[in-house]
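Shown next, in structure tokens, is the structure this report addresses.
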Amino acid sequence: MDNRIRLDVNLMMEDSIGARGISRQALNDMMPRLKAAYEMVEANRGKGMQGWMDLPYNQDAILTAIEDTARRIRGEFEAFVVLGIGGSALGPAAVQQALNHLHYNELPAGKRGGPRLYIEDNIDPERMAALLDVIDLKKTCFNVITKSGGTAETMSQYLIVLDALKKAVGDDYKKHILITTSEKKGFLIKIAQREGYETFYIPDGVGGRFSELCPVGLIAAAVTGIDIRGLIAGAKDMDQRCNSGDAMANPALLDAGLSVLAMEKGANISVMLPYADSLKLMSDWYAQLWAESLGKNRTLDGNPCNVGQTPVKTLGVTDQHSQLQLYTEGPFDKMITFLKVEAFHATTPIPHGCDDIPTIAFLGGKSHNQLIEAERQGTEYALYKAGRMSQTITLPEVNANTVGQLLYFFELVTAYAGALLNIDAFNQPGVEESKVASYAVMGYESDVHTAKREEMKNRPAPKAEYIF
């Protein structure tokens with residue numbers, strides 16, 4: 001069986017769906033821009049914040065070290081907790097959902113093959129309390145992930161866990177903490193060196209949303225028994241498959257071009273619609289990658305632009321019953337990406353029954369495998385008939401290699417789209433205002449934060465007439 005994932009863009013095109021689609025002439029006219037975008041991304045491969053492009057090739061020794069550490073953790077601990085936020089949590093969660101049992105934590109230890117996994121990506125006070133209710137600190141390992149060590153959410157979790165571990169295990173607390181951070185920059189590496197924690201490094205040129213295929217994501221995957229070498233091999237396969245400036249020979253470049261043309265036609269919303277529970281959290285991971293990379297207000301030339309496409313997270317068939325009405329009859333402002341799985345890892349036959357009710361009886365003798373694909377095709381057809389843009393990415397099956405392909409495919413699409421839009425797809429200046437304001441509210445003292453605190457105090461007071 002061919003293990004390559006496939007991209008079908010027929011239903012993005014005017015040929016198929018009519019005037020709301022993208023004309024072949026528009027795509028042909030874009031070919032020089034696409035070639036230039038490819039060359040721009042390739043020229044910066046491995047440089048600056050494009051270190052993620054080297055990850056399929058430069059991690060052999062790191063993979064071995066991760067596998068060794070994962071083996072030790074599986075032998076010593078019953079729970080493994082990731083403390084991280086953004087890409088440090090979304091990537092590990094998406095890969096865990098995709099490649100392990102859908103009820104992994106509820107399986108008996110002998111069937112899991114690894115510790116229970118918890119990914120704590122929020123600071124709701126009830127959430128941390130709930131975590132501590134269900135884990136035994138004496139049998140839990142915590143992976144603290146932050147490149148800078150200045151991430152307030154993650155470091156506050158670290159302080160809580162550190163205090164709890166010291167009370168529970170005394171001087172052995174260091175054995176329960178694993179650090180993933182920058183090797184040379186930031187605060188966390190200094191803490192790790194001072195405490196003697198086992199540490200893995202995030203390459204300098206790898207930002208959070210591009211970090212799943214480095215220790216950020218690979219450690220949790222390896223601890224829970226996922227084939228991390230298969231993930232990397234899949235990413236390498238996709239990188240080599242996309243080694244062309246001809247968009248008709250490079251699926252990621254083609255998809256970037258169609259996405260930008262869709263934006264230019266007013267489709268400012270990108271809906272990710274996986275038809276498999278295993279791929280549900282890929283939508284969450286994709287949402288950060290696409291939104292944080294492309295939502296920018298300045299071009300590389302410094303000109304105002306306010307570009308980007310809003311990602312929407314959905315799940316088929318669940319959201320046929322909550323959102324499809326809008327997609328088929330609402331504004332022409334969306335493009336839909338279906339994620340299709342050809343071969344599921346289980347078959348659920350539907351028994352015969354209710355023979356006196358034809359609309360139910362006809363299901364007997366079929367399977368959920370047939371039904372979910374029939375519903376996907378039905379949704380695809382409804383969108384086609386309504387003249388709405390959609391595309392389908394097919395995974396022959398969900399395995400480590402195809403998931404590695406999928407992750408790297410979307411990273412390449414994002415990089416190419418950023419080049420086409422003439423923006424920096426690898427920074428996130430719009431996030432900083434929130435961070436500075438949060439620290440100011442919490443009372444952090446510095447010239448910047450003191451000024452921000454005063455600025456916030458001086459904003460217009462809320463009007464009572466608008467509070468009910």
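For the sequence shown, position 107 matches number 107 in the working numbering, and the numbering has no gaps at all. Beta carbons: idealized from backbone N, C-alpha and C, even for Gly. This structure is a prediction, so every number in the text was calculated from the model and none was measured.
query, result
"Under 6 Å from any heavy atom of the ligand ZN, does the C-beta of Glu76 make it?", "Questions concerning the ligand ZN fall outside what the structure shown contains, since it holds no ligand whatsoever."
"What are the uninterrupted segments assigned as beta strand (DSSP E) that are 3 or more residues long and contained completely in the region 170 to 236, given in chain order?", "177 to 181, 198 to 201"
"For Gln391, list the residues DSSP reports as bridge partners.", "Thr337"
"Would you mind working out which of Gly170, Tyr173, Tyr197 sits nearest Glu183, comparing C-alpha positions?", "Tyr197"
"So for Asn297, helix, strand or coil by DSSP?", "strand"
"For Glu342, name the three-state secondary structure that DSSP assigns.", "strand"
"List the endpoints of the continuous alpha helix (DSSP H) containing Ser16.", "14 to 17"
"Does DSSP put Leu90 in a helix, in a strand, or in coil?", "helix"
"Does Lys111 come out as helix, strand or coil in the three-state DSSP assignment?", "helix"
"What ranges does the beta strand (DSSP E) occupy inside the region 44 to 83, keeping only unbroken runs of at least 3 residues that lie completely in it?", "79 to 83"
"Check each candidate in Leu383, Ile357, Tyr286 and name the one with the smallest Cα separation from Glu411.", "Tyr286"
"Which same chain residues, not among the five before or five after Ala98, have their C-beta less than 8 Å away from its C-beta?", "Ser278, Leu279, Leu281, Met282, Val398, Val403"
"How is the beta strand (DSSP E) around Ile119 delimited, first residue to last?", "116 to 120"
"My output table needs one value for Thr151: the three-state DSSP class, helix, strand or coil.", "coil"
"Below 6 Å CB to CB, which residues in the same chain sit around Phe200 once its five sequence neighbours on both sides are set aside?", "Thr180, Pro215"
"Helix, strand or coil: how does DSSP classify Phe468 here?", "coil"
"Should Val436 and Lys457 be called a contact, given that it needs their Cβ atoms to be closer than 7 Å?", "no"
"Gly295 and Gly308 look like a contact to me (Cβ under 8 Å); what is the Cβ gap, rounded to whole Å?", "4 Å"
"Counting only the same chain and skipping the five closest in sequence on each side, list residues whose C-beta sits under 7 Å from that of Pro396.", "Met1, Asp2, Asn3, Glu342, Ala343, Thr402"
"With 16 other CB atoms within 10 Å as the buried threshold, where does Asp136 fall?", "exposed"
"Tell me whether the region 201 to 221 and the region 37 to 57 touch, counting them as touching only if at least three CB pairs, one residue from each stretch, are closer than 8 Å.", "yes"
"Using a threshold of 7 Å, state whether the C-beta atoms of Ile336 and Val271 are closer than that.", "yes"
"Helix, strand or coil: which one does DSSP assign to Met442?", "coil"
"DSSP three-state label for Asn306, please.", "strand"
"In the DSSP assignment, what are the bridge partners of Cys141?", "Phe80"
"Drop a sphere of 10 angstroms on the beta-carbon of Pro115, count the other beta-carbons inside from all chains shown, and report buried for 16 or more, exposed for fewer.", "buried"
"What residues match up with Leu7 in a beta bridge as DSSP calls it?", "Ile393"
"From Ser390 to Val95, what does the alpha carbon distance come to, in whole angstroms?", "25 Å"
"Could you tell me which of Arg33, Gly87, Lys35, Thr348 sits nearest to Gln428, measuring between CA atoms?", "Gly87"
"If Gly217 sits next to Pro92, beta carbons under 8 Å apart, how far is it from one beta carbon to the other, in whole angstroms?", "5 Å"
"Could you give the C-beta distance for Ala382 and Leu324, rounded to a whole number, given that I count them as a contact under 8 Å?", "7 Å"
"Within 8 Å, do at least three Cβ pairs link the region 74 to 90 to the region 104 to 123?", "yes"
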